[in-house]
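Structure, as structure tokens:
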Amino acid sequence: MDCNLQIAEDVMLVDAMPADALMKLEALAAGVMNKLDFVPDTGLAIYVATDEYVQSLNHQYRGVDVTTDVLTFPAEPMPEEFEDEETPYAGDIILAYRHILEQAAQSNHAPADEFGLLVIHGLLHLAGYDHDTPDRQKVMWEKQAELLALFNIPIVVPDFIHGPDEGES
Numbered sequence: 117m118d119c120n121l122q123i124a125e126d127v128m129l130v131d132a133m134p135a136d137a138l139m140k141l142e143a144l145a146a147g148v149m150n151k152l153d154f155v156p157d158t159g160l161a162i163y164v165a166t167d168e169y170v171q172s173l174n175h176q177y178r179g180v181d182v183t184t185d186v187l188t189f190p191a192e193p194m195p196e197e198f199e200d201e202e203t204p205y206a207g208d209i210i211l212a213y214r215h216i217l218e219q220a221a222q223s224n225h226a227p228a229d230e231f232g233l234l235v236i237h238g239l240l241h242l243a244g245y246d247h248d249t250p251d252r253q254k255v256m257w258e259k260q261a262e263l264l265a266l267f268n269i270p271i272v273v274p275d276f277i278h279g280p281d282e283g284e285s
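Residue numbers (this note's numbering): 117 to 285.
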């Protein structure tokens, strides 16, 4: 899998989440993509961005004017100018850096684990999973729990009322 991690220039890395821990997200993403049966060499971009940037995207694309932890933008359908590309591209995962650090602290999770959870969550969305109905949420949460265990991320995600909310995407 071809994973590209980008950290926005205006994201100030803090001691709670060093750059090398963020870089490990690439390996996690590749492993998860393999388990989810993405076509080999499928491209993926993970962007670690400011909360303000994620809020602006959330407002622009979902009509929700608050910061959220993760946004996913699938590449399908591809624009015409890219349809002839030989290498498949899954899409983009956008992570709100400070929001995720705060969320990790509130939940007593290690920041690296929280970021790992959200990469898995985003990849599940890119693989077609969703939580917009109780039945679909159950399926997604089961797969998410399976992947968290497989990749040794000690987080149990509680159920919430199905559907997109301002804290999940």
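Using N, Cα and C, we set each Cβ at its ideal position, and we do this for glycine too. Just so you know, these numbers come straight off a predicted model, no measurement behind them.
Based on the DSSP output, what are the partners of residue i in its beta bridges?
i	result
residue 189	208
CB residue i to CB residue j, shorter than 7 Å?
i	j	result
residue 238	residue 188	yes
residue 93	residue 212	No information on residue 93 is available, as it lies outside the stretch 117 to 285 that the chain covers here.
residue 266	residue 236	no
Hey, how far is the Cα of residue i from the Cα of residue j?
i	j	result
residue 282	residue 184	Low per-residue confidence applies at residue 282: pLDDT is 44, beneath 50, and the placement is therefore not dependable, though the value from the model is reported in the following sentence. Roughly 6 Å between the two C-alpha positions.
residue 205	residue 158	5 Å
residue 202	residue 156	12 Å
residue 208	residue 190	6 Å
residue 231	residue 173	19 Å
residue 268	residue 144	10 Å
residue 246	residue 256	6 Å
residue 153	residue 248	23 Å
residue 162	residue 210	6 Å
residue 182	residue 218	15 Å
Let's test the definition: count the other Cβ atoms within 10 Å of the Cβ of residue i and tell me whether it reaches 16, buried, or not, exposed.
i	result
residue 139	exposed
residue 244	exposed
residue 136	exposed
residue 227	buried
residue 192	exposed
residue 165	buried
residue 220	buried
Would you mind working out which of the options sits nearest residue i, comparing C-alpha positions?
i	options	result
residue 149	246, 240, 271 and 250	240
residue 260	251, 154 and 271	271
residue 167	160, 216, 180 and 141	216
residue 160	250, 242 and 178	242
residue 142	253, 179, 254 and 234	234
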